[in-house]
Amino acid sequence: MKKLLAMLMTGTMALSMGAAAFGEEAAPEDLVKAAADSEVTIGVLMKTMSDTYSNKLGEAIQSYAAENYANAEILLMDGQADIAKQISQAEDLIAKQVDVIILNPQDADGSAQVLDLAAEAGIPVVEVNTETTRTDYVSYVGSNDAEAGEMMGNFVMEQLGEGGQYGILEGEMGQSAQLLRYEGLENTILANDAYECVATLSASWQRDQAMSTTEDWLSKYPDLKAVICENDDMSMGALQAAEANERELVIIGVDGISDAVSAVSEGRLSASVLQDANGQASTVVDVAVKVGVGEEVAPRYKVPFQLITAENAADFME
Amino acid sequence: MEQYRLEVKNLHKRFPGVYAVKGVSFSIAPGEVHALVGENGAGKSTLMKMITGEYIPDEGEVYHNGALVKAKSVADSQKNGIAMIHQELAPLPDMTISENIFLGQEIMKGKFLNHREMDRRTAEILKEYGMEFDPRTKVRKLSVAQIQMLEIIKAVRRNADVIIMDEPTSSLADEETKKLFEIIADLKAKQVAIIYISHRLEEILKITDRITVLRDGEYIKTVPASGVTQGELIEMMVGRTLDNRYPKEEVPVGRPVFEVRNLCRKGVFEDISFTVKAGEILGFCGLVGAGRSEIMNAIFGLDKLDSGQIFVDGREIKVKGPQDAIANKIAMVSEDRKIYGLVLNRSIKENISLPNLAEHHKSLFINKAKEVREVKEYEAALNIKCANIDVAAGTLSGGNQQKVVLAKWLLSQPKVLILDEPTRGIDVGAKFEIYKMMGELAKKGMAIIMISSELPEVMGMSDRILCVSGGKITGEYNRGDILSGKVTQESLLHSALQEV
Amino acid sequence: MKQSKVEFFRKYGILLVLVAMWVILLCVSPTFRTVNNAVNILRQVSVNGILAIAMTFVIMTGGIDLTVGSLVAVAGVIGGSIIVANPGNWILGIAAALIVCALFGAMNGFFVAFLDVPAFVATLAGQTIARGFAYVYSDGKPYTMASKTFSAIGKGMTPIIIFLIIFVLCHILLSMTKFGRYIYATGGNSKAAAASGIRVRQVLMKVYVMAGLLSGIAGIVLAARTNSGQPAVGTGFETDAIAAAVIGGTSMTGGIGTIPGTLVGILIIGTLNNGLNLLNVSSYWQQIIKGIIILGAVCFDISSKKLSK
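Right under this line is the structure:
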């Protein structure tokens, strides 16, 4: 039995090496887990623990590791949305000589420094959720944000039918989630002349800012039909504004945070695109443990997005 | 025609509500010491600020060595060689003497400051001016007189040929004043022109060549110092004759109102006991630092007492802070009105009513009509010169500021009034008004304590004088003995200098 | 220039800036002319306006309060947690939130007034402690509230009415009461104030407690507006509050300032945010324009005051 397992593992190692060589995207299902009793210390650098999605991701990483790898130690750091803090936390983890670092980058460029620091210390880095601009990490587990943008664009076009006016609430400008989700919109609804984008403004991922901006739009554009939000905190803010002004709008966001999901199930919010926090968390922990014990992994694991609408919302309620 | 160092022609300056300087002209020759006298508010400061470029004149010109100057800032006029030694000195307290002297003209060694060379030269300069100091001493540690000397040194080093001195002796001891006069003589020999502003007419007559008198912003007269008396100057300044410099009224002295017993604050003063009666003016004399102000600060609750008792009307009171002193009808006009007397950026009205709000306005709200009525009453009684009671206290002249401080305490209708250097830095006219006010208050039965460094003032105004030296009372003198000539300035000085 | 004109500019310079902004926006943006938009602006400034009033009091004493933004979050999570657990008991939630915020204010006040810690340092520490507290208390998760009664606080005219009541009360407090006078005197010259019998330390303590309390109210309004108590909310709110107070003529050295001035200040900032949104100015440019207009407004105000010198 043991032999069989060993053989299997060698096989998958060869397979994953092959995948690495080709730089292909692997699906999480293809991953063969390392031994459950693997002894490994994993440092986790979260960009923040205070936006809803990041919080969920960080918590899921901890709980998944605790349930599946009894001998793995997780050291999770909250970067508090501050790039300088994230880098100094990386230095702390390196000083503690962790076996592997899971990096949830605060900034696509800035967090790349973590890769340099880790490389110097010979510690492998696995990135999760957001990618740095550099590619010399061992593996990336995430969802392609452009896909989320495309899902939103297609959903809104479908809902509006013939055409109509819409606005886009963007996240913190320059962050990869913002850039890629917008790219997804560019590929779909923005490329279609039947639909008119009347305004694009950043609400910095924040609920209160999204609310204010939407209020301004509602008084300026009486024919506004939809608001596309690059995250769910903003879609909830837009929803508050619409409800306060008694306007029916198609509103969609990304992340599937709990109050957004319940708003979808109540039919108030049109839809949310779920970036699967649990899926990302379990995959990245599996990958990190494998890397930690010296096994090979694929360079990219793509965790798919899911569209939550009134029909399937119940499945996503916690 | 002889060329003047400085000549001003027909300067005018108007402010909102005030016509501060109305066409003043005068001139100063090289090597001349020229006094500028006038009551507070006569326009001296404004005039000087126009010469140094802080204000731009509405009309008129300033000529420096024959050339028209259009200084737009103090830096401009400094470059031209006009320097002002301010009444409130502004050195950099945490820099050393040598850093201060070489500020802006540092000696370099390559890219770095050459501290050794600057210190060496500073030591030479200090010696020349008779100051024995380590050049690396922090300016914070110097006395006011020494800082003043430093400012003069800086001005001379910048090759200033016009130096304006604003009340240079107001905080100097006799010895230091003598030193300053020597330096002025020296500057005179170097053909520097000096504008000398002071309220001390005696010293003006002694050291200046000519005197220009201003009154209410107008030019009155320029006279040679040799041909004029103090009385004539005062007449020109106030526009009327003051028959008696110290209008002391003889008031029957009543029952004891205020008493302290065995007050002690370790290392500052000890075993201080005295009584003040209704209608009595008790003078305190002594050197600066002898402990006079410190005793009063402790009585008023600004400093802590280590031991001792305080009685008002025979009842012992506990003073933990000024609020307790005020509640027991003690008022104090502090020595430094800009630090302890006034909130400079708030209005005259707010300053006057500040200590009285708790007593006069029982509810949460201020009764505005009552407040304005009370303030106006005291504004009129003390003859405070201002556009209206809503202007900031900081915009007033020194004498008027002092009147505001007096007004705020008189409004509290104290039983005991402590006046610490009440006439420092204010002009004869205002001084006279304050003396008269003291007389009237004494007549109403107030017990008054007056600290003063001017011996003639203490002797002229007090019913009784206590001398303080080294934190102890070293002498007591009665008015009778002063009037009879038994006690003279010399005997007071002797007590004040007594080693304890 | 004539005397009266000079005086007029000195007193109302900054108000002219606001009026000028309104005139320009009325001309270029049809939406700006609607009543609904005016209500929007007022509602949007209500939270920051309450904070700016709190900040005005503190700056007037010669201090500064950097905790206001963090306290908005503290109020949100405390109120949120109680209302989520017991939607009917929203009054308890509000009361608890306000008490905790006032306690944070008292902590600032204690260090500033009684231990003479510089206000910048004391409240900077308070800022991170309060923010940390909000995270620890909520475990980093937002509370989503279902209470309709509570969310009414953030809807329609209610936030505006709350803001205006606070504005009027604070204006009365500062301009008509003894305590207001004591605040001015303490900020203008604390030594002279103490020598006039004012218990300066108590005045400072009360001002910081009041700032904490007002921040708590702002936090409750924001939580009701967004229907959620979030630990991350309010980051950087102190900068808008400081800007509003300073634009409104509050002197950073203390002793000078008015509540109506601060109202003008916060309206300038609110109008700017709203106007730039209506004109569809890009998010990048908005920040630059905001900075320039704030600088310009203050420069205009300073130069109009200099005219009278």
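Residue numbers (the numbering used here), protein chains in the order written: chain A, 1 to 318; chain B, 1001 to 1500; chain C, 2001 to 2309.
Note that CB positions come from ideal geometry on N, CA and C, so glycine has one too.
Report back the beta-carbon spacing between residue i and residue j to the nearest angstrom; my notes put them in contact at under 8 Å.
| i | j | result |
| --- | --- | --- |
| G184/A | E147/A | 6 Å |
| V1404/B | L1396/B | 7 Å |
| C2299/C | G2212/C | At roughly 33 Å, the Cβ-Cβ gap does not stay under 8 Å, so C2299/C and G2212/C are not in contact. |
| L1282/B | R1464/B | 5 Å |
| V1391/B | S1347/B | 6 Å |
| E1476/B | L1466/B | 6 Å |
| L2278/C | T2031/C | 5 Å |
Using the Cα positions of residue i and residue j, report the straight-line distance between them to the nearest angstrom.
| i | j | result |
| --- | --- | --- |
| I1056/B | F1300/B | 44 Å |
| V2117/C | I2050/C | 25 Å |
| G1104/B | S2303/C | 30 Å |
| A1174/B | Y1019/B | Per the sequence shown, residue 1174/B should be read as Asp rather than Ala. Roughly 37 Å separates the two Cα atoms. |
| W2022/C | T2262/C | 17 Å |
| L2173/C | A2052/C | 15 Å |
| I2268/C | G2296/C | 12 Å |
| I2078/C | S2070/C | 12 Å |
| I2014/C | G2248/C | 7 Å |
| M1165/B | A1193/B | 11 Å |
| V114/A | L103/A | 8 Å |
| K1338/B | I1125/B | 33 Å |
| T2061/C | G164/A | 54 Å |
| A1225/B | T1046/B | 24 Å |
| R1140/B | N1297/B | 23 Å |
| A1381/B | I2183/C | 29 Å |
| K220/A | I168/A | 15 Å |
| G2197/C | L1302/B | 10 Å |
| M1450/B | L1492/B | 15 Å |
So, does the CB of residue i fall closer than 8 Å to a CB anywhere in chain C?
| i | result |
| --- | --- |
| A226/A | no |
| Y1340/B | yes |
| L1411/B | no |
| V1391/B | no |
| M317/A | no |
| S1334/B | yes |
| H1064/B | no |
| P1322/B | yes |
State the beta-bridge partners of residue i as determined by DSSP.
| i | result |
| --- | --- |
| P1256/B | K1277/B |
| G253/A | S272/A |
| P1224/B | R1210/B |
| A1035/B | Y1196/B, I1211/B |
| K1009/B | E1061/B |
| N1478/B | R1464/B |
| M234/A | Its beta-bridge partners do not exist; DSSP assigns none. |
Flag residue i as yes if its beta-carbon sits less than 8 Å from any beta-carbon of chain B, otherwise no.
| i | result |
| --- | --- |
| S2196/C | yes |
| N2189/C | yes |
| M2205/C | no |
| K2290/C | no |
In chain order, what residues of the same chain lie with their CB nearer than 6 Å to the CB of residue i, ignoring the 5 residues before and after it?
| i | result |
| --- | --- |
| D1427/B | E1039, N1040, H1199, G1399 |
| L2124/C | L2066 |
| M1446/B | L1417 |
| V1223/B | I1211 |
| G1031/B | K1188, Q1191 |
Is there a Cβ from chain A that is less than 8 Å from the Cβ of residue i?
| i | result |
| --- | --- |
| N2048/C | no |
| Q2230/C | yes |
Chain E beta carbons: is any one of them nearer than 8 Å to that of residue i?
| i | result |
| --- | --- |
| R268/A | Any reference to chain E falls outside this structure, whose protein chains are A, B and C. |
Taking 8 Å as the limit between beta carbons, can you name the residues of its chain near residue i, skipping five residues before and five after?
| i | result |
| --- | --- |
| F22/A | At F22/A the pLDDT is 38, less than 50, meaning the model places this residue with poor confidence and gives no usable figure here. |
| D136/A | L115, A119 |
| K1443/B | E1249, V1251, G1279 |
Which same chain residues end up closer than 7 Å to residue i when comparing Cβ atoms and leaving out the 5 residues on each side of it in sequence?
| i | result |
| --- | --- |
| I1220/B | V1213, L1214, M1236 |
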